[in-house]
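In this text, residue positions in the sequence shown follow our numbering: the first is 2, and each later residue adds one.
From the three backbone atoms N, C-alpha and C, an ideal C-beta is built for every residue, glycine too.
Please read these numbers as outputs of a predicted model, since none were measured by experiment.
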Amino acid sequence: MRKPELLIPAGNLEKLRTAILYGADAVYTGVEGLSLRTGSAEMNIEDLAQGVKEAHANGVRIYAAVNTFARNTDLDQAKIIIPLLSTIGIDAAIVSEPGMLKIIKNSAPQLPIHLSTQANTTNIEAVRFWRDQGVRRIILARELTLKEVGDIAKAVPDMESEFFIHGAMCMAYSGRCYLSAFRNRRSANEGDCSQPCRWEYFLYESTRPNDPLILEEDERYSYLLSSKDLCLIEYLPEILASGVTGLKIEGRMKSAYYVAVVTRTYRQALNALIRQQEKYQFQEAWIDELTKISNRGYTTGFAFAEEKITETNPDIKYIQTHEPAGIVLNYDGIQKRITLDVKNRIKIGDRLEILLPEEIVPIEINSMTDCNGNNISEAHSGSEIYIPYEYEIPIGALVRQQITPPS
Ligand code: SF4
2 MRKPELLIPA GNLEKLRTAI LYGADAVYTG VEGLSLRTGS AEMNIEDLAQ GVKEAHANGV
62 RIYAAVNTFA RNTDLDQAKI IIPLLSTIGI DAAIVSEPGM LKIIKNSAPQ LPIHLSTQAN
122 TTNIEAVRFW RDQGVRRIIL ARELTLKEVG DIAKAVPDME SEFFIHGAMC MAYSGRCYLS
182 AFRNRRSANE GDCSQPCRWE YFLYESTRPN DPLILEEDER YSYLLSSKDL CLIEYLPEIL
242 ASGVTGLKIE GRMKSAYYVA VVTRTYRQAL NALIRQQEKY QFQEAWIDEL TKISNRGYTT
302 GFAFAEEKIT ETNPDIKYIQ THEPAGIVLN YDGIQKRITL DVKNRIKIGD RLEILLPEEI
362 VPIEINSMTD CNGNNISEAH SGSEIYIPYE YEIPIGALVR QQITPPS
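1) Identify whether Pro407 lies in helix, strand or coil by the three-state DSSP scheme.
2) I need the boundaries of the beta strand (DSSP E) containing Pro363, first residue and last residue.
3) Could you say if the segment 188-203 and the segment 257-266 meet the contact criterion of at least three C-beta pairs nearer than 8 angstroms?
4) Which two residues bound the contiguous beta strand (DSSP E) that contains Ser162?
5) How would you write the range of the beta strand (DSSP E) that Ile139 sits in, first residue to last?
6) My guess is that Thr246 and Glu6 are in contact by the Cβ rule of under 8 angstroms, so how many angstroms apart are they, rounded?
7) Could you give the DSSP three-state label for Lys54: helix, strand or coil?
8) Is the CB-CB distance between Pro325 and Ser256 below 9 angstroms?
9) Go ahead and label Ala58 buried or exposed: buried means 16 or more other beta carbons lie within 10 angstroms of its beta carbon, across all protein chains shown.
10) According to DSSP, which residues form a beta bridge with Pro389?
11) Report yes if the C-beta distance between Leu17 and Ile63 is below 9 angstroms; otherwise report no.
12) Could you tell me if Leu1 is buried or exposed, where buried requires 16 or more neighbouring beta carbons within 10 angstroms of its beta carbon?
13) List the whole-angstrom C-beta distance separating Tyr259 from Ile294, where the pair is believed to meet the contact cut-off of C-beta under 8 angstroms.
14) Tell me whether Ser382 is buried or exposed, calling it buried when 16 or more other Cβ atoms sit within 10 Å of its Cβ.
15) Report the residue from Trp131, Asn211, Ser87, Gly302 whose alpha carbon sits nearest the alpha carbon of Ala50.
16) Only counting the same chain, and skipping five residues up and downstream in sequence, which positions put a Cβ closer than 7 angstroms to that of Ile388?
17) Given a cut-off of 9 angstroms, decide if Val128 and Ser97 are closer than it, judged by their beta-carbon atoms.
18) Spatial neighbours of Ile104 within its chain, please: C-beta separation below 8 angstroms, excluding the five flanking residues on both sides.
19) Cβ atoms of Ile250 and Ile166: under 9 angstroms apart, would you say?
20) Whose CA, out of Gln402, Arg253, Gly327, lies closest to the CA of Val28?
21) Does the segment 134-151 come close enough to the segment 110-123 that 3 or more CB-CB pairs lie under 8 angstroms?
22) How is the beta strand (DSSP E) around Tyr332 delimited, first residue to last?
23) Just confirm the distance between the C-beta atoms of Asp230 and Arg297, as a whole number of angstroms; I'd bet it's less than 8 angstroms.
24) Per DSSP, which one or two residues make a beta bridge with Gly397?
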């Protein structure tokens, strides 16, 4: 069976290291000032160079998104930055439009070009067109069905393709939407969507502001524009059979905890599928694991239904059973203790879980010390603490805690 590439979002070096630890084949990240994401999800050239070193040392490819819809004023900066991407060893640049493509061809012709999903490539002739322009890989529009994806892979076998298998969906076609810019001046088209389609809205008559017309989907609330999140982990055999090259996870703005859980879970499922082939069986535990990160309920999106708008979700407020407790900064094998970068409050008596690539191990907090060696009863986000632990834990491992009782 062909081994697909599991492609993980890495908005910064911490997330890149998390993706590597938990089994990414490739990571993608924004380039400061030239990607369709804001500062929290893009790296400067220095961080990218460090990211390339660490990714390549672990056999992981790294792609840089320069997929802004460039304006004339962006071009000079692009002409400076793009050759640097090639110099530091980026494996491919992701573009959205012909201007950036032309700059790459002129200034860094050896840099492979991937076409962003923002280019809305939906058919075989469009794929051939981009191939003839020098594009090596197309990130297909997530509005396509899996059958259409397979038809494209068969018809244009010399073009690599990526298909989104997990992450947030959008009520607008591939994120081309002004709702966020309209509501609070954060433009989705500049990578800064505040997701107002997920908000709760009421309808008022102007002279009766205290008498809203309630549009009720159920007894709790109504979210008229919000979509469930995409999750195709149950359909990996069908996706691999379609011939796509890369299985892409959405979420450059998401947390390291999200990166850890999604990477680890899809890695396990893909490894099982490749190893077991016809004997492969889907495990419910993988879905259970994916409910432990923030989500709005899961859908298969457009994968099996043409022009199907993903459903609004009656349980639409974010569902999340666990939250990150911290990230392991170091393991001291002599003193037998973990140094933890605390992400959420931890107190004595808490029962946490350490996410390892292959297993999840419980840990009960019976004692902890601050960085001055003082015993403490609780620790807060942003602090570094020591926790006694007998066995070696890899740097970068995520530690989490349950925030709701198991159902
Ligand atoms: S506001 Fe909603 S529909 Fe518009 S771009 Fe953002 S996520 Fe998509």
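This is what the structure gives:
1) Mapped onto the sequence shown, residue 407 falls at position 406. Summary for Pro407: the model assigns pLDDT 47, below 50, so the residue's position carries little reliability; its value from the coordinates is reported in the next sentence. Note: Pro407 maps to coil in three-state DSSP.
2) Taking the sequence shown and counting its residues from 1, the one referred to as residue 363 is at position 362. Counting along the chain, the beta strand (DSSP E) containing Pro363 begins and ends at 361-365.
3) no
4) Counting from 1 along the sequence shown, the entry for residue 162 is found at position 161. Segment 161-168, the beta strand (DSSP E) holding Ser162.
5) For the purposes of this step, residue 139 is identified with residue 138 of the sequence shown, where counting begins at 1. Start and end: 138-140.
6) As a first step, residue 246 must be located in the sequence shown, where it is residue number 245. As a first step, residue 6 must be located in the sequence shown, where it is residue number 5. The pair is a contact, with the Cβ atoms about 6 angstroms apart (cut-off 8 angstroms).
7) In the sequence shown, residue 54 corresponds to position 53, counting from 1. Three-state result, Lys54: helix.
8) Within the sequence shown, the letter at position 324 stands for residue 325. Within the sequence shown, the letter at position 255 stands for residue 256. Cβ distance < 9 angstroms, so Pro325 and Ser256 count as in contact.
9) For this step, residue 58 is matched to residue 57 along the sequence shown. Around the beta carbon of Ala58, fewer than 16 other beta carbons sit within 10 angstroms, so the residue counts as exposed.
10) Position 388 of the sequence shown, counted from the start, is the residue given in the question as residue 389. Under DSSP, Pro389 forms a beta bridge with Arg338.
11) The residue labelled residue 17 in the question sits at position 16 within the sequence shown. The residue labelled residue 63 in the question sits at position 62 within the sequence shown. Contact flag set, yes.
12) Because the chain is modelled from 2 through 408, residue 1 falls outside the range shown and cannot be assessed.
13) Start at 1 with the first residue of the sequence shown, and residue 259 comes out as number 258. Start at 1 with the first residue of the sequence shown, and residue 294 comes out as number 293. That belief holds up - the Cβ atoms of Tyr259 and Ile294 are roughly 5 angstroms apart, short of 8 angstroms.
14) Along the sequence shown, one-based indexing puts residue 382 at 381. With fewer than 16 other Cβ atoms within 10 Å, it is exposed.
15) In the sequence shown, the residue the question calls residue 50 occupies position 49. When only C-alpha atoms are compared, the closest one is Ser87.
16) The residue given as residue 388 occupies position 387 in the sequence shown. Correct list, in chain order: Arg338, Ile339, Leu341, Ile366, Met369.
17) Sequence index remark: in the sequence shown, residue 97 carries index 96 (1-based). Sequence index remark: in the sequence shown, residue 128 carries index 127 (1-based). No, these two residues do not count as a Cβ contact at 9 angstroms.
18) The sequence position of residue 104 within the sequence shown is 103, counting from 1. Leu76, Ala79, Lys80, Ile83.
19) Position 165 of the sequence shown, counted from the first residue, corresponds to residue 166. Position 249 of the sequence shown, counted from the first residue, corresponds to residue 250. A contact, by the Cβ cut-off of 9 angstroms.
20) Within the sequence shown, numbered from 1, the residue matching residue 28 stands at position 27. Minimum Cα distance to Val28 is reached at Arg253.
21) The segment 110-123 vs the segment 134-151: in contact.
22) On the sequence shown, residue 332 is found 331 positions in, with the first residue counted as 1. Element bounds for Tyr332: 323-333.
23) Here residue 230 corresponds to residue number 229 of the sequence shown, with the count starting at 1. Here residue 297 corresponds to residue number 296 of the sequence shown, with the count starting at 1. About 5 angstroms; that satisfies the 8 angstroms criterion.
24) Here residue 397 refers to the residue found at position 396 when the sequence shown is read from its first residue. The partner list for Gly397 (beta bridge, DSSP) is empty, contrary to what the question assumes.
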